[in-house]
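Below: the structure, in C-alpha cells.
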Amino acid sequence: MSVHLEFLKKNEQYVADFDKGHLPLPPAKKYTVVTCMDARVEPARQLGIELGDAHVIRNAGGSAKDALRSVVISQRLLGTREIAVFHHTDCGMLTFLTNDLRSLVKAAEPGNAAVAEAVDKIEFLEFADVEESVKADVKFLQENPLVLKGTTVTGWTYDVTTGKAKRVI
Ligand SMILES: [Zn+2]
Numbered sequence: 097m098s099v100h101l102e103f104l105k106k107n108e109q110y111v112a113d114f115d116k117g118h119l120p121l122p123p124a125k126k127y128t129v130v131t132c133m134d135a136r137v138e139p140a141r142q143l144g145i146e147l148g149d150a151h152v153i154r155n156a157g158g159s160a161k162d163a164l165r166s167v168v169i170s171q172r173l174l175g176t177r178e179i180a181v182f183h184h185t186d187c188g189m190l191t192f193l194t195n196d197l198r199s200l201v202k203a204a205e206p207g208n209a210a211v212a213e214a215v216d217k218i219e220f221l222e223f224a225d226v227e228e229s230v231k232a233d234v235k236f237l238q239e240n241p242l243v244l245k246g247t248t249v250t251g252w253t254y255d256v257t258t259g260k261a262k263r264v265i
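Residue numbers for the sequence shown follow the numbering used here, so the first one is 97 and each next one is one higher.
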C-alpha cells in the first residue's frame, strides 16, 4: 500500500486539535534554517521551532547554494534576518561524487542524450567532511551579494546517533 493513502486519515487527526489558523505569513522569529532532507533530521523538534516561527529550507545535504533562491525570498519578501546552517553526521552527501552519480543516472538509460545532457548540468554539491561543509556554507552565505548585509549566519551539526546539536561556527 502506498503511504499517501494514509495522509487523509493522519490529517484528520491533525485538524481535530488544530488552533494555529491565525498565524501570519512572515516567520515570527525572523530566522531561516537551511538543513538536509534526511529522514532522521527533524529541525522543528531538534531545535525547538514552533509553527509560524521560522523558515526551514531543506534539500540534499542542507546546501546553502541550493537554498539560495529560497533564502532571497525569505529575506526580501518575508523579513527573515538570521540564518542557521544545520548539517548532520552520516549524511548521504558523504557517500558519493557528482561524477559517479551522473554515471549511474546515465547507465540506467544508455544512449539517452536528453538524460545525459540534463544530469551533466547538475552539480550535486556533495561533501567529504560535515563540519567543513557547514563552515563553507556559512562562508558562502556571508559572502554572497544576494544575502542581506548584517545577516547573522551560524553553523551547526546534528548527530543522528545521539540527537545532539552542536554549534560549529
Ligand atoms: Zn544529509
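Glycine is no exception: its CB is placed at the ideal position from the N, C-alpha and C atoms. Just so it is clear, the structure is predicted and the values come from calculations on it, not from any experiment.
Q) Should GLY175 be counted as a contact of ligand 1 given a C-beta to heavy atom distance under 6 Å? A) GLY175 Cβ: outside cutoff for every heavy atom of ligand 1.
(Q) When you compare the CB positions of VAL129 and PHE182, do they come within less than 7 Å of one another, or not? (A) Closer than 7 Å, so yes.
Q: Go ahead and pull the three-state DSSP assignment for GLY158.
A: GLY158: helix per DSSP, three-state reduction.
Q) From this set, LYS231, LEU221, VAL249, VAL99, which residue's C-alpha is nearest ASP196's C-alpha? A) Out of LYS231, LEU221, VAL249, VAL99, LEU221 has the C-alpha closest to the C-alpha of ASP196.
Q: With a cut-off of 6 Å, give the chain-ordered residues whose Cβ is closer than this to any heavy atom of ligand 1.
A: In chain order, the residues that have a beta carbon nearer than 6 Å to some heavy atom of ligand 1 are CYS132, ASP134, GLY157, HIS184, CYS187, GLY188, MET189.
Q: Specify the secondary structure class of ALA124 as computed by DSSP and reduced to three states.
A: Note: ALA124 maps to coil in three-state DSSP.
Q: Indicate whether VAL168 and LEU242 have their beta-carbon atoms separated by less than 7 Å.
A: In this structure, LEU242 lies closer than 7 Å to VAL168 by Cβ.
Q: Please name the residue, chosen from ASP149, VAL152, GLY158, ALA261, that lies closest to CYS132 on a Cα-to-Cα basis.
A: The shortest C-alpha separation from CYS132 is found at GLY158.
Q: Give a yes or no on whether the C-beta atoms belonging to HIS184 and VAL264 are separated by under 7 Å.
A: In this structure, VAL264 does not lie closer than 7 Å to HIS184 by Cβ.
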